[in-house]
Every structure is written in structure tokens, then in C-alpha cells.
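Reviewing the structure listed below.
There are 2 protein chains.
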Amino acid sequence: MRGDRHALDALRAAIDPIDDDARRAALARHATLVKPPGSLGRLEQLGAQLAGIAGRCPPPVPESPAVVIAAADHGVHAHGVTPWPQEITRQMVRLFCAGQAGVNAVARTVGATVAVLDVGCADPPPAHPLLRSDRVRAGTADLTTAPAMSRTDAIRAVCAGATMASDLIADGADLLVTGDMGIANTTASACLIAAFTGADAGQVTGPGAGATEDALAHKTAVVRRALDRHRPDPADPLGVLATVGGLEHAALVGVLLAGARLRVPVLLDGVITNAAALCAAAWCPAVTGHLIAGHRSPEPGATVALDHLRLAPLYDLRLRLGEGTGGLLAVPLAQAAARTLREMAVLDELAVDGFS
Amino acid sequence: MRGDRHALDALRAAIDPIDDDARRAALARHATLVKPPGSLGRLEQLGAQLAGIAGRCPPPVPESPAVVIAAADHGVHAHGVTPWPQEITRQMVRLFCAGQAGVNAVARTVGATVAVLDVGCADPPPAHPLLRSDRVRAGTADLTTAPAMSRTDAIRAVCAGATMASDLIADGADLLVTGDMGIANTTASACLIAAFTGADAGQVTGPGAGATEDALAHKTAVVRRALDRHRPDPADPLGVLATVGGLEHAALVGVLLAGARLRVPVLLDGVITNAAALCAAAWCPAVTGHLIAGHRSPEPGATVALDHLRLAPLYDLRLRLGEGTGGLLAVPLAQAAARTLREMAVLDELAVDGFS
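Sequences listed follow chains V and H, in order. Mapping to our numbering: the first sequence position 79 is 79, numbers consecutive. Mapping to our numbering: the second sequence position 283 is 283, numbers consecutive.
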């Protein structure tokens, strides 16, 4: 899609809520299957959501999951909010392409395709068939002193993510997982989550990839300074994204919008993708029904964001790697949720009196 | 193996604790991989456990999981502890073989083999290639008035499970999942859990597959009566199993012992398999290190049992179907835990100053 406001407004306007008839039909179907009613627990609601997304019951079993890893750098890195050098972003993109990162091992486990989007690394990573380069700018500006990016840049990054997701779906992906890479991006995530939920900087800022206690106090002060500087207005989601977000957050917003538009379920990963989900939901509330919270990150902002979205995570394994790892591990749960609805016998096929 | 006490004692004596050197080597290896230390959360401890079980680091990735569904009936069914007719046990065995039950849908999702063991259904299910018939007796006796089975029968059932597990492993299974089928078996599970943990009947008895509130009070009274009648001694695990257990519990004890003996990890399912794990651990404490708690069942006895075993479940999706479904859904977590240890690059291969 074109990287302009008009294209983006058209995308948002085309997103429908999930089909509540199909959702309710799935819940009703579960009550007929060979098992005690409700005994598949959370899988039953998940299956019903998948039916609502697909608009039919039973829903198709997702067989071709794909993780989109949006990568970009952050001007706020200069403030020492993380012990990791900025160059790691680019190096990790290289490793994703080489198949040697955590996300690759997990993607192989669940049979998912890995796709990487450079939407603004400080230095361009080496070209690779798994890497799409749609660079909006070479990292964001320092959000404590200026908007992280212009509105135009934010729109371009959203459109880059939406285009990537649409292309993956056109190539057969039937379940999207959101992933991220960007040294210092838990700082921008904290800003976004505070802006959209009204929470205090102290409630949403966590150690990220390894800030010590002193460093966490500093990081929290940086988040607070950014919020005080910009006073982002949650009624203006694009403005929030542009002033205190990251380019990868913007791209992930596009992934979520495109997934919802094309009725392909989207599994969220950790705090960075939770922050992007808040932005997408603020911009287009119908998106939320299409999102599945894969896991609960231990970053405090993740829980604040998920509570605000009223999304209950499927599990909590204290994963805080990002890259999409936590979302990918929930892929089999989504598959099982659809498969049980499709493949289990119904009670009244059993030749037993009193079983139903 | 022969179904006698001597064979069983030899099996127990041959079980070693997990290899703590390999376990610690895996934790040390995790600290060298391309990620923030500890950022794979619970997967890191799980991978270390798999290394300890395999006796090497990194551990092999389990590629051929198999679920063993032990099926049997219960004399206590006559007391109306469940709304389901006893005949359902046999009918569900037939469905497992036909591939139409919940466990089959989940097994297909994670690529697991399904194997069914009739160790004592009231009426024999129809023969089928997926079904092994090793019937010790046609269901247990009424445990409120007599021992559920003789010690000799309990030993035979344990050996039936151990033989089934050993045969699956000989055929290539490298990860076992425990499953169960037996109408009324949450009642026997509550008795076992109370006996091994010292908990009161009221703490360990739950609604199972659908008891109403009134029915739950009655079921709890039945459990209490059985415990008062037999006063099972946790220092005599075989005696506990014989007096208040089920034939499928006994067979599952055998599966756990054989898995531990052959150093193949075993994923527990819900409350029935948790009860079997208590028995196996009481009989042979070295078994516990080889067990992985797949999920937390909402049955209250499950949490009492897992706490006693000091096993932390991997997730909690309010699953209470049994059959092995909850254990199977954790298969990809075990695979990812091993795969990240094997396949992720190490930090010092990255050409970045200050990354390690």
C-alpha cells in the first residue's frame, strides 16, 4: 500500500469487528463435543475467537504461521537506558536472517516462517532474502527533546508494516505473530503505554533487557521526562506514536491493522507488541477482537497494557526476550483451539444413553 | 517386563537421579547465548532439566512424542460420584482409537503418537491397532468398602504401564505424555492425593468432569469414607495404590518409572496423572526429577499434588478434560527449551564490542 495518510485511513475504515454469530456458534458447538462442557478451558474461548475472526464455525486450522520481526533503532539510546550497544539491533537482524537467534529456534519448533523488516535501523543490515528493507529513517530522534519522528514518518512506518503483513498473507500466511528488535525499545514502549493508559511512568517502566536497579530509576526518569515534554494525547494515536514511539512500534501497528483487515488472527508477543496493540486499538477499536495475547511479559508495562486492552494472556513463562518468541510459543494453542472444534466427534454420535 | 514384585523392585532400583552436571552445564550455556541472561525465563530451567535427564548438554530435541492413555473403570462409580455412566470409559477408548477425541486433535497439533492401554475397563473395548489390552481386572472394587484391588493386581497394572512405555521408547518415542480415561477417577485421585500429602478430603476433592455443588459434597464424603476405612499409609505406596487407587493410576505409575529408568522425559497431564506422580515419587524419589508438570488442572487436588512434588506447572488454561490433552500442549515448550539450547548462536561469535 502507499505510505500516506489516505491509504491508512482507508485501511482502518475497512476493518470490521469479529463475527459474533460465528463466535457464538463455536461456543455452542463446544457444548456438543465429546467432553464435559467447558473442559477445554481457555481453548474454548480461543477457538470461538478464531471462529469470529474467520467468520465461520468451525474456524480453519492455522497451518502457515509467520512471525514478522520489525527492527529499528532509538535516539533515546543515547541516554544510557540500556547496557546494550545500539549496534546490537543490526547484528541481531543479521542473526535472524542466518537462523541463529532465539526466534529462529522457536519458529522451527512451531513450523513458522520468519520475516524481518528493517524499518529504521541506525545502520542498514546486510541484504538477505528474509529481510525486507523499508527504511523510513535511520532510527528515531531523542524523544526527550523532540518528537521521535514526524507524523509523515510514522504513517510511512505503519504502512511498511501493513504492506509486509499483507504480502505474507498473500503468500499463504494464515496466522501472524508479532516480533520486535530495537535496542532501547522498552523505553519507548513504556512511554506509549503510559500515554494510552494514563499510568504513571513508574508503573510501566521495567528493567527490559537488563537494567540494574539504579539504571531502572534513571530509565523511569527518562520516560517521565519524555511524557512531560510531549504530553501525548491518547485521543490522537498517530500523534502519540510519532512523539514517543518507535519505528518498529509503528510498523507493528501496521501489521495488526492489516491482519485485522484481512481477518487473519494476530498473536502478540511481549511488551513492545503490547504497546503497539494499544496504539492500534486506540486508532481502530475493532482491531482488538482480532488480537490474541500470547503470553504475559514480566515487564510491568505489559500487564498494564493487556489489562487496558482486556486481553488475557495464554501463559506466563517469564519470557522477556522479545523477537516474537513468546507469541510463537502460543501458535500450537491456537492450532489446537481450532482443531478441537473441527475434529472432535459430537456427543450424540456416541451410542450411550445419558451421555449428553 | 514380568508383572511381579521382583521385576518392579529391579525397575525402581535402576532409576537414577538426573545428571546435575549436565543440568548445570545447560544453565551455564544459557548465559552464553545471544540474548539477555535469563530472558527465556522458565524455558531455561526446562532446558536444563532436559539436559539433566539426557545426561548431556545440550539435550536432544524431542522429535517423537507419544501420549499413553491408560484406561480403566472404578467400583466407586456405584456411589454416584459423577453424572457420567461408566460405559463412557469404553466408548472413549473406542474414540481414541478412531482419532475423534480431544486428545487426538491435540496430538495431531503437536505431532504426537497416541497409544491406548486398557488396563481394566469394565467391559473390553473393541480391538484396534492403537489399543493394547493388558487387562488386570474388570475395574476396581468399591474402595469405600474394600481395597480397590489386591497388591498383586496393583503390581500387574504398574508393570503393564511400564512395559507399554518401554515398548514405545524402543519404537522411538523420546518424550512421553501421560493421559488417562476412567469415569469416576477424580474420586480415586482425591483419595491418593490425600493419602500421600496428608491433605483433608475437602482440600483435594473437586467437581471433576461435572459434579454439581451438592454432588461435590457427596463426593467429598465418599473420599473421606474411603480414607477413614483404609487409613492408607504413605510410607507404603503400593498399599496406598492398591487400597484407594485406580488401575489406570497404577499403569501411569509404571509409565513414570519406565520413563525415568530409560531417561526419557515425562510430561504430566492433570489431576489423575499428578496423583500417579505422587505415588511414583513416594516409591522412588529419584523419579521426580524426570517429570515435567505440563499444566495446572483446576481440580484442587492437582495443586496440592504439584506443590507436594515441588513441580511448577508450565501453564494454566483451566483445562480439565484429561486424556493427556494438557500434557500434550506443553510438548512444544519442551522442544523449544531443547532447541534454543542447541541452535542459538553464542554471544562471543558476534562482532560487537561490549555485547557480552
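Just so it is clear, CB atoms sit at the ideal spot from N, CA and C, and this is done for glycine as well. Source: prediction; values computed, not measured.
- Secondary structure note for V:V222: its alpha helix (DSSP H) is the uninterrupted segment E213 to H230.
- Close partners of V:T109 in chain H (Cβ separation under 7 Å): P332, Q335, A336 and R339.
- Judged by DSSP secondary structure, V:I292 falls within the beta strand (DSSP E) whose first and last residues are L291 to A293.
- Shown here, H:A115 sits in a strand according to DSSP, grouped into three states.
- Of all C-beta pairs linking the region 271-288 of chain V to the region 58-66 of chain V, fewer than three are shorter than 8 Å, placing the two stretches out of contact.
- Straight across, the Cα-Cα distance linking H:A170 with H:T152 is about 26 Å.
- Here V:G198 is exposed. Its C-beta has fewer than 16 other C-beta atoms within 10 Å.
- V:A201 and V:H308 have their C-alpha atoms roughly 16 Å apart.
- CA-CA distance, H:N185 to H:A98, rounds to 23 Å.
- Residues of chain V whose Cβ lies closer than 7 Å to the Cβ of H:K35 are, in chain order, G102 and L321.
- Within the DSSP secondary-structure output, H:T178 pairs in a beta bridge with H:V68.
- Under DSSP, V:L33 forms a beta bridge with V:V346.
- In this structure V:S166 does not touch V:A275 by the C-beta definition: roughly 22 Å separates them, more than the 8 Å allowed.
- In its chain, beyond the 5 residues on either side, P300 and V304 have a beta carbon closer than 7 Å to the beta carbon of V:Q203.
- No residue range can be given for V:L314, since it is assigned to no alpha helix (DSSP H) and is classified by DSSP as neither H nor E.
- Within chain V, the C-beta atoms nearer than 9 Å to that of H:A345 come from L95, A98, Q100 and A101, in chain order.
- Here V:L216 has T205, G206 and P207 as same chain residues with Cβ atoms under 8 Å from its own Cβ, once five neighbours each way along the sequence are excluded.
- Counting C-beta atoms within 10 angstroms of its own C-beta, V:P232 has 16 or more neighbours from the protein chains shown and is therefore classed as buried.
- At a cut-off of 9 Å between beta-carbon atoms, V:R261 makes no contact with chain H.
- For the set H:V136, H:P265, H:A195 and H:G326, the Cα lying nearest the Cα of H:G294 is the one of H:G326.
- Take the alpha-carbon of V:L168 and the one of H:D4: they are about 59 Å apart.
- Per the DSSP secondary-structure output, H:S133 pairs in a beta bridge with H:D118.
- The contact set of V:V106 on chain H, defined by CB atoms closer than 8 Å, consists of A336, R339 and T340 in chain order.
- Here V:V253 is not near V:L227, since their CB atoms are 9 Å or more apart.
- Rounded to the nearest whole angstrom, the C-alpha separation of V:A345 and H:R132 is 22 Å.
- Close partners of H:S64 in chain V (Cβ separation under 7 Å) are lacking, with about 14 Å as the shortest Cβ gap.
- What H:L40 touches in chain V, judged by beta-carbon distance under 7 Å, is G102, L319 and L321, going in chain order.
- When DSSP states are grouped into helix, strand and coil, V:L40 belongs to the coil group.
- Exposure of H:T145 is indicated by the presence of fewer than 16 other C-beta atoms within 10 angstroms of its C-beta.
- Along the region 187-215 of chain V, the positions whose C-beta sits under 7 Å from a C-beta of chain H are A209 and G210, read in chain order.
- Here the C-alpha atom of H:V76 lies approximately 11 Å from the C-alpha atom of H:P147.
- For the set H:H74, H:A48 and H:T109, the Cα lying nearest the Cα of H:A337 is the one of H:A48.
- Within its own chain, the residues whose Cβ lies closer than 7 Å to the Cβ of V:V93, once the five positions on either side in sequence are excluded, are A71, V116, D118, C121, P125, L131 and M181, listed in chain order.
- Using a 10 angstroms sphere on the CB of H:G139, the tally of other CB atoms reaches 16 or more, which defines it as buried.
- Taking V:G210 as the centre and dropping the five residues before and after it, the same chain places the C-beta of P83 closer than 6 Å to its C-beta, in chain order.
- The straight-line gap separating the alpha-carbon atoms of H:R108 and H:L95 is approximately 15 Å.
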